[in-house]
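J.:
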Amino acid sequence: MCGIVGYIGKKNTKEILLEGLKELEYRGYDSAGIAVLQHDNFESYKAVGKLVNLEEKTKDFITQDFAVGIGHTRWATHGKPTELNAHPHLGESSYVVHNGIIENYAKLKKELMSEGVTFLSQTDTEVIVHLFEKNLKSASSALEAFTKTISQLHGAYAILLVTKSEDESIFFAKHGSPMLVGIDAQNDKYFASSDTPLIGHCTDVNYFEDGDYGYVSPNAIVIFDKDGNKKNPRFTKLTQNKLSAQKNGFRFFMEKEIYEQSDVITDTLLGRLSDEGIVFDELDASLFDGINEIKLCACGTSYHSALSATYLFERYAKIKTSVEVASEFRYRSPIMSKDTLFVVISQSGETADTLETLKMAKAAGLKTLVICNVDNSSMVRLADACILTRAGVEKGVASTKAFATQVMVFWMLSMYVAKLKNSLDAKEIAKQIALMRQVPLSTKVSDVTHEHIKRLSKRYLHGHGFFFIGRDIFYPLALEGALKLKEISYLHAEGYPSGEMKHGPIALADPELFTIALLPQHLLYEKAKSNVEELSARDSTICAISALEFDKADDFIPISSCQDYMLEFFEMMVVLQLLSLEISVRLGNDVDMPRNLAKSVTVE
Ligand code: AGP
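In the working numbering, the protein residues as written are 2 to 605.
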């Protein structure tokens, strides 16, 4: 998730912008930049890597009079983390910064290039400033040109634009990505994509709503709503607690990231779902030429999303698919054939075991693909191709939104391959894509469900262990639920295929054995239900998660009645994440930094 800052006033604009970007570092980034307009003169600086690199570049740049300035930290989604791709992006006499994804950027870029516009970057963002300057040529004002530009953009965005044609104003637009504006005691104006950069400067802020656009000048904040009607800013008091602000008021980063899943999955989907099928800008279909098998390799949570993928690829793409634990694969002298596409999955892109297996596959001459959340990471740099999950920075050590976006990418990729292999007809692919569009809703946290889980979690603080059980693709989800609980509650938990309980584990059944049972309505429900009844008959304590009432359960967590098992998968995923969170909270553990764990295991 990128970070945006802006400032209008007479204070030290450069310092205010750089300090503001520092307050956004927690959101994660791989490049940064600022642009300042003072006395009709633009100065812009950009740097890859950490903000210290940008500070070094700007150390001789002094701002002391009135100026307008914008700044940006970039988390790469379109285009590598390079200086050229870093924001702000320049037109001829305007600069723009943007957070979000412009879904129709390719079409706009093609049109602009056909009219002779030269693009410097690979980003979607750059189309905004060139489109604005094209519109400015025929508009009666910069505001008219900006208004027309915003109307031509599809997707999610928070935009700040400065231009010589209105050198005392900052133009803004907000749709799908957060942004706010604040004022200080001297009536200077501050923009940011979240609260923290404004803390210590402003006490009153206006949170823009989707569809808001307009401009801010030294004496005015002019806002129009999505229908073009002028509206007054609605100022509210700004929290003065920075850490709370970074967590958006949640208790933990993990909790914030569970609540973010709906939004980040929207980003994961943006620009990739079309009526004709799945679009991966970053993939060349030739990657799958000559491929008859897919081998997935990962660790931990990423292994669980990979295991989920095996069900999707074999069911829909009809391609032989297998999955390996990276730490095992690298030492068992595996047989690798060149008709196998080797896919590694990693949130960080730095996990040592997984990285080594990628090197093994490349050494064996296999084509390689990485599903990753961090552009420019070691695995991204090494693999032949990469699909970014666009989850934004994940600070909680126990992975949540990274897992959700990995499964989402795999579901899309199974459709992408199904189309290439003609293993599904267009009607079925369209049906699956329609289901995918519902996942942001399926992953929205229900307050009622969260409160219910908070209450029932008090019953699961002891006992001699947990079984998480599920069938088919709900088995990897059960594994993930068990891992979440282990990681942050330190209670013992095992994920198991429901059908396996009678082959030994049921010997443990008694009231102190807690079974979390995943009972999807649309996938092997009766089979899974009978497995759970076997446990209940032996007095195991059952917590059932289902859209259908289950009278043999001691606890029951309802999910909504969905159209398809994949929507049930994502709803149950959120329930499992919240359950582990609330049990951990009750046990007084450090949810974000559990003992013995690291966010990225870069050693064997
Ligand atoms: C998941 O909650 C853990 N933090 C851990 O299992 C993690 O998934 C594993 O270390 C792999 O990390 P990666 O996705 O960055 O490769």
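Using N, Cα and C, we set each Cβ at its ideal position, and we do this for glycine too.
Between His176 and Gly215, which are expected to be in contact by the criterion C-beta below 8 Å, what is the C-beta distance as a whole number of angstroms?
T.: At roughly 13 Å, the Cβ-Cβ gap does not stay under 8 Å, so His176 and Gly215 are not in contact.
J.: Between the Cα of Leu244 and those of Trp412, Leu181 and Glu24, spot the shortest distance and give me the residue it belongs to.
T.: For the residues Trp412, Leu181 and Glu24, the minimum Cα distance to Leu244 belongs to Glu24.
J.: Apart from the five residues on each side of it in sequence, which residues of its chain come closer than 8 Å, Cβ to Cβ, to Lys81?
T.: Cβ within range, chain order: Gln123, Asp376 and Asn377.
J.: Runs of 4 residues minimum, wholly inside the segment 462 to 523: which ones carry the alpha helix (DSSP H) assignment?
T.: Entirely contained in the segment 462 to 523, the alpha helix (DSSP H) runs reaching 4 residues are, in chain order, 475 to 490.
J.: Under the criterion of a Cβ to heavy atom distance below 8 Å, does Ala346 qualify as lining the ligand AGP?
T.: Correcting the residue identity first, residue 346 is Ile in this sequence and not Ala. For the ligand AGP, at least one heavy atom lies less than 8 Å from the Cβ of Ile346.
J.: Could you please give the first and the last residue of the uninterrupted beta strand (DSSP E) stretch that includes Glu116?
T.: Segment: none, Glu116 is in no beta strand (DSSP E) and carries neither H nor E.
J.: Determine the direct distance from the alpha carbon of Phe62 to that of Ala403, and round the result to whole angstroms.
T.: When rounded, the distance between both Cα atoms is 39 Å.
J.: Considering only their Cβ atoms, is the gap separating Phe172 from Val182 smaller than 9 Å?
T.: No, these two residues do not count as a Cβ contact at 9 Å.
J.: Can you find the residues in the same chain that come closer than 6 Å, C-beta to C-beta, to Leu579, ignoring five residues on each side of it along the sequence?
T.: Answer for Leu579: His451 and Ile454, listed in chain order.
J.: Would the C-beta of Lys11 count as close to the ligand AGP, meaning under 8 Å from any of its heavy atoms?
T.: No, the Cβ of Lys11 stays beyond 8 Å of every heavy atom of the ligand AGP.
J.: Could you tell me whether any non-hydrogen atom of the ligand AGP is closer than 8 Å to the CB of Glu277?
T.: False, no ligand heavy atom lies under 8 Å from that Cβ.
J.: Enumerated in chain order, which unbroken segments of the alpha helix (DSSP H) with a length of 4 residues or greater are wholly contained in the segment 191 to 279?
T.: Those alpha helix (DSSP H) runs which fall completely within the segment 191 to 279 and span 4+ residues are 243 to 247 and 254 to 270.
J.: Taking the C-alpha atoms as reference points, what is the distance between Ala435 and Gly464?
T.: The alpha-carbon atoms of Ala435 and Gly464 are separated by roughly 42 Å.
J.: Where does the unbroken alpha helix (DSSP H) through Val408 begin, and where does it stop?
T.: Element bounds for Val408: Lys402 to Leu421.
J.: Can you list, in chain order, the residues of its chain with a C-beta nearer than 8 Å to that of Ser195? Leave out the 5 residues immediately preceding and following it.
T.: Here the set comprises Gly4, Leu25, Arg28, Pro179, Leu181, Ala246, Gln247 and Asn249.
J.: Excluding the 5 residues preceding and the 5 following Thr358 in the sequence, name in chain order all residues of the same chain whose CB lies nearer than 7 Å to its CB.
T.: If we look at Thr358 and ignore the five residues flanking it on each side, its Cβ neighbours are Cys298, Ala327, Phe330, Arg331 and Val345.
J.: Would you say Asp228 lies against chain B (beta-carbon separation less than 9 Å)?
T.: Structure shown: chain B not included; a single protein chain is present.
J.: Return the Cβ separation of Ala310 and Met337 in integer angstroms, given the expectation that the two are a contact with Cβ distance under 8 Å.
T.: Incorrect: roughly 18 Å between the Cβ atoms, too far for contact.
J.: Which partner residues of Ala68 appear in the DSSP bridge assignment?
T.: Answer by DSSP bridge pairing, in chain order: Gly10.
J.: Out of Gly471, Leu524 and Leu457, state which residue places its alpha-carbon closest to the alpha-carbon of Asp555.
T.: Comparing Cα positions, the closest option is Leu457.
J.: Compute the Euclidean distance between the alpha carbons of His523 and Asn54, then round it to the nearest angstrom.
T.: Their Cα atoms are separated by approximately 53 Å.
J.: Going by C-alpha distance, which of Arg252, Lys232, Ala286 and His73 is nearest Leu52?
T.: The shortest Cα separation from Leu52 among Arg252, Lys232, Ala286 and His73 belongs to His73.
J.: Can you tell me whether DSSP reads Tyr30 as helix, strand or coil?
T.: Three-state result, Tyr30: coil.
J.: Over what stretch of residues does the alpha helix (DSSP H) that includes Ile560 continue unbroken?
T.: Segment: none, Ile560 is in no alpha helix (DSSP H) and carries neither H nor E.
J.: Which same chain residues end up closer than 8 Å to Asn423 when comparing Cβ atoms and leaving out the 5 residues on each side of it in sequence?
T.: So the list is empty, once near-sequence residues are dropped.
J.: Could you please give the first and the last residue of the uninterrupted beta strand (DSSP E) stretch that includes Lys175?
T.: Run containing Lys175: Ile171 to His176, per the beta strand (DSSP E) assignment.
J.: Nearest by alpha-carbon distance to Glu116: which of Val98, Ile102 and Asn136 is it?
T.: Comparing Cα positions, the closest option is Asn136.
J.: What are the residues that DSSP puts in a beta bridge with His99?
T.: Answer is Ile160.
J.: Is the CB-CB distance between His155 and Ile222 below 9 Å?
T.: Not in contact: His155 and Ile222 (Cβ atoms no closer than 9 Å).
J.: Give the DSSP bridge partners of Gly292, in chain order.
T.: Looking at the sequence itself, residue 292 is Ile, so the reference to Gly does not match. Its beta-bridge partners do not exist; DSSP assigns none.
J.: Any heavy atom of the ligand AGP closer than 8 Å to the CB of Glu325?
T.: No.
J.: Are at least three pairs of beta-carbons, each pair with one atom in the segment 474 to 483 and one in the segment 385 to 392, less than 8 Å apart?
T.: Cβ pair count under 8 Å is below three, so no.
J.: Between which two residues does the beta strand (DSSP E) carrying Phe343 extend?
T.: That run of the beta strand (DSSP E) goes Thr341 to Ser347.
J.: Distance check for Gly34 and His131, CA to CA, integer angstroms please.
T.: Between His131 and Gly34, the C-alpha separation is close to 18 Å.
J.: Which same chain residues end up closer than 8 Å to Leu288 when comparing Cβ atoms and leaving out the 5 residues on each side of it in sequence?
T.: Excluding residues within five positions, the ones whose Cβ falls inside 8 Å are Leu342, Lys368, Leu370, Asp385 and Ala386.
J.: With a threshold of 8 Å, establish whether the CB of Lys138 neighbours any heavy atom of the ligand AGP.
T.: Checking the Cβ of Lys138 against the ligand AGP gives no.
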